[in-house]
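Student:
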Amino acid sequence: MSSDHPGMVSLKSFLLGTGLIWVELLLPTKAGSFTDSIVFGFMGVVAIAAYSLTRRPCDIRPARVTHYQIQSRAFFLGWGLSCGFRCVTSGYSVPFGFYISLLSLFHYSEFLVTSVISPDTLSLDSFLLNHSKEYGIAALASVVEFVVELYFVPSLKNLRWVTFTGIGMCLLGEVLRKWAMLTASRNFTHLVRDTKEDGQYLVTSGPYSTFRHPGYAGWFWWSVGTQLVQVNPFCAIAYCLAVYKFFKSRIYYEEICLISFFGLDYIEYQKKVPSTGVPFVRGYIPVSKALEQPLLRNEEEEEEEEDSSSTDDNFQKVECDQLEDD
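Numbered as in our numbering, the sequence shown ends at 1329 without a single skipped number.
1) Tell me, please, whether the segment 1228 to 1235 touches the segment 1258 to 1270 by the rule of three or more beta-carbon pairs shorter than 8 Å.
2) Assign threonine 1124 to one of three DSSP states: helix, strand, or coil.
3) Do arginine 1163 and phenylalanine 1130 come within 7 Å of each other at the CB atom, strictly closer than that value?
4) Taking its Cβ as the centre, do 16 or more other Cβ atoms sit within 10 Å of threonine 1213, making it buried, or is it exposed?
5) Which residues bound the alpha helix (DSSP H) around proline 1236?
6) Does the beta-carbon of glutamate 1258 have 16 or more other beta-carbons within 10 angstroms, so that it is buried, or is it exposed?
7) I think valine 1012 touches isoleucine 1073, with their Cβ atoms under 8 Å apart; what is that distance to the nearest whole Å?
8) Give every residue of the same chain whose Cβ lies closer than 7 Å to the Cβ of isoleucine 1288, excluding the five residues on either side of it in the sequence, and list them in chain order.
9) Using only CA atoms, which one of Ser1252, Leu1018, Phe1088 lies nearest to valine 1195?
10) Out of curiosity, what's the CA-to-CA distance linking leucine 1261 and leucine 1125?
11) According to DSSP, is threonine 1186 helix, strand or coil?
12) Look at the Cβ atom of glutamate 1148, then the Cβ atom of cysteine 1238, and state whether they are nearer than 7 Å.
13) Please state whether the Cβ-Cβ distance between proline 1098 and valine 1281 is less than 7 Å.
14) Does the separation of the CB atoms of isoleucine 1024 and serine 1085 fall below 7 Å?
15) For threonine 1069, name the three-state secondary structure that DSSP assigns.
16) If I'm right that phenylalanine 1017 touches glycine 1094 with Cβ under 8 Å, what's the distance once you round it to whole angstroms?
17) Quick check on lysine 1181: buried or exposed, where buried means 16 or more other Cβ atoms within 10 Å of its Cβ?
18) At 4 residues or longer, what runs of the alpha helix (DSSP H) sit wholly inside the segment 1067 to 1103?
19) From which residue to which residue does the alpha helix (DSSP H) around serine 1145 run?
20) In three-state DSSP terms, what is phenylalanine 1191?
21) For the putative contact between glycine 1087 and serine 1112, defined by C-beta atoms under 8 Å, what is the C-beta separation to the nearest angstrom?
22) Considering only the alpha carbon of each residue, which of Gly1139, Phe1109, Leu1244, Leu1143 lies closest to tryptophan 1222?
23) For the candidate residues Lys1015, Asp1197, Asp1123, whose alpha-carbon lies nearest to that of histidine 1070?
24) Helix or strand or just coil, what does DSSP make of glutamate 1177?
25) May I ask you to report which of helix, strand or coil DSSP gives isoleucine 1288?
26) So what's lysine 1275 in DSSP terms, helix, strand or just coil?
27) Identify which residue in Ala1183, Tyr1204, Tyr1247 has its Cα closest to the Cα of phenylalanine 1283.
28) Measuring alpha carbon to alpha carbon, tell me which residue in Cys1243, Gly1209, Gly1020 is nearest tryptophan 1225.
29) So, are the CB atoms of leucine 1115 and glycine 1010 less than 7 Å apart?
30) Quick check: the Cα distance between valine 1276 and arginine 1215, rounded to an integer number of angstroms?
31) Within 10 angstroms of the Cβ of lysine 1160, are there 16 or more other Cβ atoms? Answer buried if so, exposed if not.
32) For the alpha helix (DSSP H) holding glutamine 1230, just list the boundary residues, first then last.
33) Which whole-angstrom value describes the C-beta separation of threonine 1186 and glycine 1209, a residue pair presumed to lie in contact below a C-beta threshold of 8 Å?
34) Starting from the C-beta of alanine 1144, find all residues in its chain whose C-beta is less than 8 Å away, skip the five residues before and the five after it, and write them out in chain order.
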């Protein structure tokens, strides 16, 4: 991987962002103090602004972007990870610190892994920072709930067993998703393909031998886990419902496309691997029945044609016999 490769460019900036934690430890301020937070935040803003001096082009298709555009996002996520780590080590807000760290790591790893497995589809959107308006609202809602409950019910946020359960879910979900991405390689994209690409094939190995959509399954458990990390009871329930609804419609549509790509091969794959990985989401299973129905109708039509032809033959035979008698 060359130094100008988008993945390498982002990795250097991400590590630099995480390295700010060591600078922060040298500050002569009390850990967790308001002044400490302001100084540390100012350091991040200044460092990100300094990157604007490097605006070299970077080869990312379909559009060319600058090193700065990659560096600023990667550095921001690295800085977020270091902020979260600082919150945890200082005891200022352990649940929120873990949440920020896991969130930053997830978004950066999405870009890094995509840059390795599928550079042709890589873009700034691969960070998933601007995933959707609903995603942003959900993230904001989780922070609001955390702050409100921390103020009114601070003891709720001290349920460490809930936080660590959430961390376990996030890590398992993250590993499952990245394993799925690496296994699918160039077949993996962040957008649903409605046309089959050249060289695209049906992936059935690795995590795909257990779940039909391990990437979505990993994201589901990671999303719900982030709310357990913060001990957000309301958002935990809301996230379950929202993510379930999102993946139900997405998997349904994606499997329509996959069946159009691979036909009966995908139907057989559905039978061998019945689980999508996302709880209570079956996918587009009825399509298999829909494909079988035309076959049944064809058989019935053939039988009817045979019956009608035999009837016609008998009728013609009777006519011939009558003519002979006449």
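Quick reminder that beta carbons are idealized off the backbone N, C-alpha and C, glycines included. Being a predicted model, the structure only gives us computed values, none of them experimental.
Tutor: Taking the definition as stated:
1) No: fewer than three Cβ pairs fall under 8 Å.
2) helix
3) Annotated as distal: phenylalanine 1130 and arginine 1163, with beta-carbon spacing of 7 Å or more.
4) Threonine 1213 should be labelled exposed.
5) 1236 to 1265
6) buried
7) 5 Å
8) Gln1273
9) Of Ser1252, Leu1018, Phe1088, the residue nearest in Cα terms is Ser1252.
10) 22 Å
11) Three-state result, threonine 1186: helix.
12) Yes, Cβ-Cβ distance for glutamate 1148 and cysteine 1238 is below 7 Å.
13) No, they are not a contact pair.
14) yes
15) The answer is strand: DSSP assigns threonine 1069 an E or B state.
16) Rounded, the Cβ-Cβ distance is 26 Å, inconsistent with contact.
17) buried
18) Whole alpha helix (DSSP H) segments, 4+ residues: 1070 to 1093.
19) 1136 to 1155
20) Phenylalanine 1191 falls in the coil class under three-state DSSP.
21) Distance from glycine 1087 to serine 1112 at the Cβ level is roughly 15 Å; contact not present, criterion being Cβ atoms closer than 8 Å.
22) Ranking the options by Cα distance to tryptophan 1222, first place goes to Phe1109.
23) Lys1015
24) helix
25) coil
26) Residue state, collapsed to three classes: helix.
27) Tyr1247
28) Cys1243
29) yes
30) 6 Å
31) Taking all protein chains shown into account, lysine 1160 has 16 or more neighbouring C-beta atoms within 10 Å of its C-beta and is therefore buried.
32) 1217 to 1232
33) 4 Å
34) Cys1238, Ala1241
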